[in-house]
Amino acid sequence: HQVLIFSTDTEVDENFSRAAKNLVGVDVLPSQGTNVYDILRRDTLVLSKAAVEILEARLK
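According to our numbering, the stretch in the sequence shown is residues 86 to 145, in order.
As structure tokens, then:
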């Protein structure tokens with residue numbers, strides 16, 4: 086199972102990123118670093134409402 090956590094910050098919090106690396110199959114990416122390929126190869130996306138708005142704007 087592959088999970089992508091999409092951060093609305095331009096940089097991911099270091100402590101959060103380090104904690105997520107301990108979870109198998111979980112990646113955390115900043116809003117600027119996410120692309121369609123990153124999204125399509127994951128089974129699950131974790132997004133806040135703000136993250137959805139940012140992603141929609143980037144992919145239009």
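Built from N, CA and C at the ideal position, the CB exists for glycine as well.
Helix, strand or coil, according to DSSP, for residue i in the structure here?
i	result
V97	coil
D123	helix
Please determine, among the options, the residue with the shortest C-alpha to C-alpha distance to residue i.
i	options	result
V109	L132, V88 and R143	V88
S133	D123, S116 and R126	S116
Specify, as a first and last residue, the run of the alpha helix (DSSP H) that residue i falls within.
i	result
V109	Per DSSP, V109 belongs to no alpha helix (DSSP H) and is neither H nor E.
L130	That residue, L130, is in no alpha helix (DSSP H); its beta strand (DSSP E) goes T129 to V131.
From what residue to what residue does the beta strand (DSSP E) around residue i run?
i	result
S116	No beta strand (DSSP E) holds S116; DSSP gives it neither H nor E.
Please report how far the alpha carbon of residue i lies from the alpha carbon of residue j, in whole angstroms.
i	j	result
I139	F91	10 Å
N120	D112	13 Å
T93	H86	23 Å
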